[in-house]
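Here is the structure we will look at, set down as structure tokens.
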Amino acid sequence: MMDLNEKNISAAPEGGVLETPKRTLLQENWILFRKNSLAMAGLVIFVLFFLIAVAGVFLTSGKDPIFDPALVRLQEKLRPPLSKPNLETLKPEEIPPFGIYLFGTDDLGRDVFVRMLQGSWVSLTVGFVAVGIAVVIGVFLGGIAGYYGNKRIRLGHLLCPIFLGVGFAGLVSGKTVVGLVLLLLGLGAGTVIGSRGDSRASQRVPVGLSVLFLNLFSVDVLITGLVDIMLCFPSFFLILTVVALLPASIYNIMIIIGLTSWMGATRFVRAEFLSLREQDFVTAARALGLSSRRIIFRHMVPNAMAPVLVSATIGIATAILTEAGLSFLGFGVPPPHATWGNILSNGKNFIFDAPWLTFVPGFAILVVVLAFNLFGEGLRDVLNPKLRERH
Amino acid sequence: MLAFLGRSLIQKIITLFFVSVISFLIIHLAPGEPSQIDPMNPKFTQEVLERFRKEFHLDKPLYVQYLYFYRDLLTGKSVSWKDNRPVLVKIYERFLNSLPLFILGTLITWTLSFPVGIPAAIRRGGVYDRSTTFLAYLLISIPGFFFAYMLIIFVVTRFHVPVIGMETFGVSSKGWHFLMDRVWHLLIPSILGAAGGIAVLSRYVRNQMLEVENQDYVRTARAKGLSADQVHYKHALRNALLPFVTMFGLVLPGLIGGSVIIESIFSWPGMGRMAYEAILSRDYPVILTVNFVSAILVLIGTFISDLLYMVVDPRIRL
Chain A
0 MMDLNEKNIS
10 AAPEGGVLET
20 PKRTLLQENW
30 ILFRKNSLAM
40 AGLVIFVLFF
50 LIAVAGVFLT
60 SGKDPIFDPA
70 LVRLQEKLRP
80 PLSKPNLETL
90 KPEEIPPFGI
100 YLFGTDDLGR
110 DVFVRMLQGS
120 WVSLTVGFVA
130 VGIAVVIGVF
140 LGGIAGYYGN
150 KRIRLGHLLC
160 PIFLGVGFAG
170 LVSGKTVVGL
180 VLLLLGLGAG
190 TVIGSRGDSR
200 ASQRVPVGLS
210 VLFLNLFSVD
220 VLITGLVDIM
230 LCFPSFFLIL
240 TVVALLPASI
250 YNIMIIIGLT
260 SWMGATRFVR
270 AEFLSLREQD
280 FVTAARALGL
290 SSRRIIFRHM
300 VPNAMAPVLV
310 SATIGIATAI
320 LTEAGLSFLG
330 FGVPPPHATW
340 GNILSNGKNF
350 IFDAPWLTFV
360 PGFAILVVVL
370 AFNLFGEGLR
380 DVLNPKLRER
390 H
Chain B
0 MLAFLGRSLI
10 QKIITLFFVS
20 VISFLIIHLA
30 PGEPSQIDPM
40 NPKFTQEVLE
50 RFRKEFHLDK
60 PLYVQYLYFY
70 RDLLTGKSVS
80 WKDNRPVLVK
90 IYERFLNSLP
100 LFILGTLITW
110 TLSFPVGIPA
120 AIRRGGVYDR
130 STTFLAYLLI
140 SIPGFFFAYM
150 LIIFVVTRFH
160 VPVIGMETFG
170 VSSKGWHFLM
180 DRVWHLLIPS
190 ILGAAGGIAV
200 LSRYVRNQML
210 EVENQDYVRT
220 ARAKGLSADQ
230 VHYKHALRNA
240 LLPFVTMFGL
250 VLPGLIGGSV
260 IIESIFSWPG
270 MGRMAYEAIL
280 SRDYPVILTV
290 NFVSAILVLI
300 GTFISDLLYM
310 VVDPRIRL
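Line by line, the protein sequences give chains A and B.
Per numbering that gives the first Met the number 0, numbering through the first sequence is continuous, rising by one, with the last residue being 390.
Per numbering that gives the first Met the number 0, numbering through the second sequence is continuous, rising by one, with the last residue being 317.
Structure below.
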């Protein structure tokens, strides 16, 4: 890293122009990343976990799965790991994969190895989908707060959706007249506020309507306020409440974890956007006459992604832990489907007789979460220019 | 100063209002109703159900229910739907049970994090640093319930002491035996609660210390020939401690926060467990009040930390 810079600097006066670096930024980051053995281990485990989960979903799902995770063999219950099945009592299709109970069997004689395979997909998708939702919301809100933060929200901006929403609710609940009037009012407010430009407009509208242009607060205040409100909820308790109230389904869990964890990403993106907004390349892009959308998505978002990427990686670890905790408490994926959390939760009843039912899923969660955390921290070190100089 | 206090107070009240609205909406807009929690119960005839709904204002429109609920809460009259006891009394009882767990956990966290984190920063990159780093990640990554069971197995098989619950049933109520019984019951869940905190805080101590060790005045102190101890503990550490003062305010929300799982494993009759039971039985007043109280704790916590920051760091004028 250091000698590369020195070479570039010393090459400059000789050639008259700066040489282009020999390696791209990505290659440079990769070289730095490889030095961090813990983070590399994290990456390797992550890739392995990904492959296992994908293999797991193909091997254990469908009408006639190759390994059936729900297959009950009562005569073979609570067999310890690596024990051989009793071939005389089993039908040919009941014989476990590789002819051995790799991780033992549970209290119904189901093969823990196959159930772990099935559960790995749940952990993987929960992590990625939840964090995906959080990142999308975070980039969107953070981007708006950072880029349009100074824009004022006027009374009309607030009244329009409120009228529309309440009017729609009125229509649905049967109060047609009130609903219609409110809907019309909302539309009216929307058109007035939407048709005029930003400034000067309030002078040209009639006195009655100028109320709609009353400045309330800025966009930034709205969004940071929203983040503050969300941070007031105790997150695990909130997730638990919502999951318990909604019908049990894996998709609900993913969405709820995503909807309750976007605050970090929003803050990061907002902070990045605030500093990026003042930089020359954004001014240049604006001077070229690019649309705001293009400036935001093509020029600013890629530059703001580094901290989001790090927090997303660590967010995946947190989401996996949260899902495991929910399954452990008995919420989440409905019973016949295995998740690591509910294997452990069932296994705790046999903790002294069959400790593998606790230890196998426990270690699996630990290793995967650890891998994501180490990988995320490695990324942070590589992407942080301040730490980079010190190495 | 006064302006800051006033502004911050107004801001926090507005936030609290929205928190109350949102938590109310979340709970009431979710499908299902508390009157349907036990549809198979033959005692729940249509008539009883109607009376039940009338009793708890469930037949009114949402905004009326909202006003009723927060009026009852603020005047201390709201009762649990499960056992008709005042919610605030219930929470207070459980709060007293959670308090020793919280205090011991916080103490363990704060006393262990500094001795673990500071040497790691001083001997950066050494064996000690790398092993504590790895250990910290291990503690962050381990699922709390799994760790709890490992600890339970270890303690029960090694020391032959019971650890579930607040005390062993039937142990005489005084003397050495009783005391040790309580200590064992308290210790294991506290250690579990503190484990994650130690990991996070010691990492933070290390990073903060590293930050300060790279400052010019530390180099100056070293250059003028001070002993290593004086440089590290007198010049560097004092300045590194600054942000931690503000973190005192932020431990407050931990009173309710992540204790749900640990308290259910250890059958500890604290706030987290009460909240969990309230969720299971759809006891809306308790759920909403716990939410409300914890939001207040978060807001007070950030307020205290803002204030402390202002007191400690004269450069900051809010």
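Just so it is clear, CB atoms sit at the ideal spot from N, CA and C, and this is done for glycine as well.
Complete runs of the alpha helix (DSSP H) confined to the segment 233-277 of chain B [at least 4 residues]: Every alpha helix (DSSP H) stretch that sits fully inside the segment 233-277 of chain B and reaches 4 residues is listed by chain position as 236-239, 241-246, 258-264.
A:Ile256 versus A:Ile238: straight-line alpha-carbon distance, rounded: On the first sequence, position 257 is the one that residue 256 of chain A refers to. On the first sequence, position 239 is the one that residue 238 of chain A refers to. If you draw a straight line from the Cα of A:Ile256 to the Cα of A:Ile238, it comes to about 7 Å.
Residues from the segment 134-153 of chain B in contact with chain A, defined by Cβ distance under 9 Å: If the cut-off is 9 Å between Cβ atoms, the segment 134-153 of chain B has Tyr136, Leu137, Ile139, Ser140, Ile141, Pro142, Gly143, Phe144, Phe145, Phe146, Tyr148, Met149, Ile151, Ile152 near chain A.
Below-8 Å beta-carbon distance, A:Lys90 vs any chain B residue: As a first step, residue 90 of chain A must be located in the first sequence, where it is residue number 91. No, A:Lys90 does not count as interfacial toward chain B.
Beta-bridge partners of A:Ser82, as assigned by DSSP: Position 83 of the first sequence, counting from 1, holds the residue named residue 82 of chain A. In the DSSP assignment, A:Ser82 forms a beta bridge with A:Tyr100.
For B:Val78: DSSP bridge partner residues: In the second sequence, counting from the first residue as 1, residue 78 of chain B sits at position 79. In DSSP, B:Val78 forms a bridge with B:Pro85.
Partners in chain A for B:Ala274, counting only beta-carbon separations shorter than 7 Å: Within the second sequence, numbered from 1, the residue matching residue 274 of chain B stands at position 275. Result: Phe236.
Residue environment, B:Leu200, which counts as buried when at least 16 other CB atoms sit within 10 Å: In the second sequence, residue 200 of chain B corresponds to position 201, counting from 1. Buried, because 16 or more other Cβ atoms sit within 10 Å of the Cβ of B:Leu200.
Extent of the continuous beta strand (DSSP E) run through A:Leu24: As a first step, residue 24 of chain A must be located in the first sequence, where it is residue number 25. Per DSSP, A:Leu24 is not a residue of any beta strand (DSSP E); the alpha helix (DSSP H) it occupies stretches across 24-34.
Partner residues on chain A for B:Phe17, Cβ-Cβ distance less than 7 Å: Translated into the one-based positions of the second sequence, residue 17 of chain B becomes position 18. The answer, in chain order, is Ile228.
Collapsed DSSP secondary structure at B:Phe291 in the structure displayed: Within the second sequence, residue 291 of chain B is the residue found at index 292, counting from 1. Of the three classes helix, strand and coil, the one that applies to B:Phe291 here is helix, per DSSP.
Close-in-space but distant-in-sequence residues of the same chain around A:Ile315 (CB under 6 Å, 5 per side omitted): Counting from 1 along the first sequence, the entry for residue 315 of chain A is found at position 316. Excluding positions up to five away in sequence, the list reads Gly126, Val130, Phe371.
Within chain B, partners of A:Asn372 - CB distance below 8 Å: In the first sequence, counting from the first residue as 1, residue 372 of chain A sits at position 373. When 8 Å is used as the limit between beta carbons, A:Asn372 is near these residues of chain B: Tyr136, Ile139, Ser140, in chain order.
Pairwise C-alpha distance: B:Leu134 and A:Ala311: Counted from its first residue, the first sequence places residue 311 of chain A at position 312. Counted from its first residue, the second sequence places residue 134 of chain B at position 135. Separation of A:Ala311 and B:Leu134 (C-alpha to C-alpha, rounded to the nearest whole angstrom) is 22 Å.
Alpha-carbon to alpha-carbon, A:Arg276 and A:Ala283: As a first step, residue 283 of chain A must be located in the first sequence, where it is residue number 284. As a first step, residue 276 of chain A must be located in the first sequence, where it is residue number 277. Roughly 11 Å between the two C-alpha positions.
B:Gly269 versus B:Arg281, B:Leu279, B:Leu254, residue with shortest Cα-Cα distance: Taking the second sequence and counting its residues from 1, one reaches residue 269 of chain B at position 270. Selected option, being the one with the closest Cα: B:Leu254.
Range covered by the alpha helix (DSSP H) that runs through B:Arg52: As a working mapping, residue 52 of chain B is identified with position 53 in the second sequence. Start and end: 45-54.
First and last residue of the uninterrupted beta strand (DSSP E) at A:Leu215: What you label residue 215 of chain A is simply residue 216 of the first sequence in a count that begins at 1. Element bounds for A:Leu215: 214-217.
Residues near A:Asp2 by beta carbon distance below 6 Å, same chain, minus five either side: Position 3 of the first sequence, counted from the start, is the residue given in the question as residue 2 of chain A. In this predicted model, A:Asp2 has a pLDDT of only 45, less than 50, meaning its place in the structure is not dependable; the value taken from the coordinates is given anyway. Result list for A:Asp2: empty, nothing under 6 Å.
Residue from B:Ala198, B:Ser266, B:Ser112 with nearest C-alpha to B:Leu185: Start at 1 with the first residue of the second sequence, and residue 185 of chain B comes out as number 186. For B:Leu185, the closest C-alpha among the options B:Ala198, B:Ser266, B:Ser112 is that of B:Ser266.
Close-in-space but distant-in-sequence residues of the same chain around A:Arg72 (CB under 6 Å, 5 per side omitted): In the first sequence, the residue the question calls residue 72 of chain A occupies position 73. Shown here for A:Arg72: same chain residues with a beta carbon closer than 6 Å to its own, the five before and five after excluded, namely Glu93, Gly108 in chain order.
Separation of B:Ser7 from A:Ser290, as counted between CA atoms: Looking up residue 290 of chain A in the first sequence gives position 291. Looking up residue 7 of chain B in the second sequence gives position 8. Near 38 Å, if we compare the C-alpha coordinates of B:Ser7 and A:Ser290.
Below-8 Å beta-carbon distance, B:Val311 vs any chain A residue: On the second sequence, position 312 is the one that residue 311 of chain B refers to. Not closer than 8 Å to any Cβ of chain A, the Cβ of B:Val311 fails to qualify, so no.
Outcome for B:Arg347 when other beta-carbon atoms lying within 10 angstroms are tallied against a minimum of 16: Lying before the first or after the last residue shown, residue 347 of chain B is absent from chain B, which here runs from 0 to 317.
Chain B contact for A:Leu378 (CB, 8 Å cutoff): What you label residue 378 of chain A is simply residue 379 of the first sequence in a count that begins at 1. Not closer than 8 Å to any Cβ of chain B, the Cβ of A:Leu378 fails to qualify, so no.
Through-space distance from A:Ile99 to A:Ile313, alpha-carbon basis: The sequence position of residue 313 of chain A within the first sequence is 314, counting from 1. The sequence position of residue 99 of chain A within the first sequence is 100, counting from 1. The alpha-carbon atoms of A:Ile313 and A:Ile99 are separated by roughly 36 Å.
Sequence-distant residues of the same chain with beta carbon closer than 7 Å to A:Val337, five excluded per side: As a working mapping, residue 337 of chain A is identified with position 338 in the first sequence. One point to set straight first is that residue 337 of chain A is Ala, not Val, in the sequence displayed. Within the same chain, A:Ala337 has close Cβ partners Pro68, Arg114, Gln117, Gly118.
Residue range of the alpha helix (DSSP H) that includes B:Arg205: Here residue 205 of chain B corresponds to residue number 206 of the second sequence, with the count starting at 1. Here the alpha helix (DSSP H) through B:Arg205 covers 175-212.
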